[in-house]
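Visitor: With this note's numbering applied, the sequence shown covers 622 to 729. C-beta: ideal position from N, C-alpha, C; glycine also.
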Amino acid sequence: MAAERMQKLVEVGLHTKSFAGISGSTALGAFSIVVSGGYADDDDQGDLLVYTGTGGQNDSFSGHSEQTEDQTFAHNDNRALLKSAETKRPVRVIRGSESRSKYAPEIG
C-alpha cells in the first residue's frame with residue numbers, strides 16, 4: 622500500500638503504523654492488519670483470510686521483495702497476531718487495492 626495511504630490510515634485511527642502491515646502489541650494482540658499484495662502466500666477468500674504475517678523478505682519496506690525465509694513468531698508483530706488468535710480477539714482487516722484478491726477495492 623502506498624505510503625501516503627498508510628499514513629492516512631494512521632491519521633484516522635484505523636491502523637497505528639504507517640510502514641507495517643500488522644498493528645498491535647504482544648501483550649494485547651493485533652489491532653489491525655493491512656492486506657496489500659506484499660506476500661505471495663496471502664490468500665483472501667472474503668470471510669476467510671490466510672495472512673502470511675511479516676518478515677522473511679530481503680527488504681520488508683519495499684512491500685514486494687523476494688521471500689528468502691519463513692516468518693516466525695520471534696517477530697513482535699507476528700506474536701501480536703498469535704496473541705489475538707489465542708485470546709480470540711477480533712482483528713480489523715484493511716484491504717489495499719494492490720492486493721490480488723477479488724475482495725480488494727479498485728482504488729485505495
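Is G642 near R710, with beta carbons less than 7 Å apart?
Guide: Residue 642 sits at position 21 when you count from the first residue of the sequence shown. Residue 710 sits at position 89 when you count from the first residue of the sequence shown. Their beta carbons are not under 7 Å apart, which means G642 does not touch R710 by this criterion.
Visitor: Check whether the segment 624 to 636 touches the segment 689 to 697, taking contact to mean three or more Cβ pairs, one atom from each stretch, closer than 8 Å.
Guide: no
Visitor: Can you tell me where the beta strand (DSSP E) with A651 in it begins and where it stops?
Guide: On the sequence shown, residue 651 is found 30 positions in, with the first residue counted as 1. Boundaries of the beta strand (DSSP E) around A651: 650 to 656.
Visitor: Look up D698 in the DSSP assignment and say whether it is helix, strand or coil.
Guide: Sequence index remark: in the sequence shown, residue 698 carries index 77 (1-based). DSSP places D698 in helix when its eight states are reduced to three.
Visitor: DSSP state of R721, grouped into three classes?
Guide: Stepping through the sequence shown from its first residue, residue 721 is reached at position 100. R721: coil per DSSP, three-state reduction.
Visitor: So what does G645 bridge to, in DSSP terms?
Guide: Reading the sequence shown from its first residue, position 24 is the one you call residue 645. Looking at the DSSP assignment, G645 forms a beta bridge with A651.
Visitor: How is the beta strand (DSSP E) around R716 delimited, first residue to last?
Guide: Numbered from its first residue, the sequence shown carries residue 716 at position 95. 713 to 716 is the extent of the beta strand (DSSP E) around R716.
Visitor: If you check the beta carbons only, do S731 and D665 fall under 7 Å apart?
Guide: Past the edges of the chain, shown from 622 to 729, lies residue 731, and the structure says nothing about it.
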